[in-house]
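Student: Dumping the structure here so I can ask a few things about it.
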Amino acid sequence: MHEETEKAGRPGLSKTEADWREELDPHQFHVLREKGTERAFSGKYWDLKDEGSYLCAACGETLFLSETKYDSGSGWPSFYQPAGSESVKEVADHSHGMIRTEVICGKCESHLGHVFPDGPPETGLRYCINSASLDFDGEAAKE
Ligand code: FE
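Residues 220 to 362, numbered by this note's numbering, are exactly what the sequence shown covers, in order.
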């Protein structure tokens with residue numbers, strides 16, 4: 220992993236890949252730090268309809284709110300917009316022979332999923348996010 224030295228010097232990204240490997244479970248590490256994808260319908264949040272906030276499983280930043288979550292039929296948690304304008308960043312992704320837009324955490328830049336232009340009318344966007352990249356906080360809705 221050559222990323223360790225590259226990321227070490229950047230603001231807000233002080234953790235090394237070794238640090239992340241220690242903090243995250245192996246599946247979360249694979250998705251968040253190695254841009255893995257969980258199997259459809261396998262994650263813990265694709266069908267969750269509770270009110271609350273979805274936080275970055277790596278750094279705790281609020282990424283998405285339950286009111287923008289919808290059933291896309293994809294088997295992954297799907298949202299039509301991020302919680303705030305700086306919650307996530309979008310990066311061109313040409314891997315696996317496809318042209319896609321990767322979605323990463325706006326704070327720690329861990330991999331979250333991809334965004335596609337086939338979402339519902341509100342924005343027309345579908346943020347297709349791995350459950351493994353998220354931590355649901357149901358308490359946030361009650362505050
Ligand atoms: Fe994060």
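Each residue gets a CB set at the ideal place from its N, CA and C atoms; glycine is no exception.
A quick note: this is a predicted structure, and the numbers were derived from the prediction, not measured.
Any heavy atom of the ligand FE closer than 7 Å to the Cβ of lysine 254?
Tutor: Stepping through the sequence shown from its first residue, residue 254 is reached at position 35. Not under cutoff, so the answer is no.
Student: Quick check: does the Cβ of lysine 308 come within less than 7 Å of any heavy atom belonging to the ligand FE?
Tutor: Counting from 1 along the sequence shown, the entry for residue 308 is found at position 89. False, no ligand heavy atom lies under 7 Å from that Cβ.
Student: Regarding glutamate 305 and the ligand FE, is the C-beta to nearest heavy atom distance less than 7 Å?
Tutor: The residue labelled residue 305 in the question sits at position 86 within the sequence shown. Every heavy atom of the ligand FE is 7 Å or more from the Cβ of glutamate 305, so no.
Student: From which residue to which residue does the alpha helix (DSSP H) around glutamate 253 run?
Tutor: The residue you call residue 253 lines up with position 34 of the sequence shown. Start and end: 245-253.
Student: Any Cβ of chain B within less than 8 Å of the Cβ of tyrosine 299?
Tutor: Looking at the structure shown, chain B is missing, and only one protein chain is on hand.
Student: Tell me which same chain residues have a C-beta within less than 7 Å of the C-beta of tyrosine 289, skipping the five on either side of it?
Tutor: What you label residue 289 is simply residue 70 of the sequence shown in a count that begins at 1. These residues qualify, in order along the chain: Ser297, Tyr299, Pro339.
Student: What are the boundary residues of the alpha helix (DSSP H) that includes alanine 311?
Tutor: In the sequence shown, the residue the question calls residue 311 occupies position 92. Unbroken run through alanine 311 is the beta strand (DSSP E), 307-312; no alpha helix (DSSP H).
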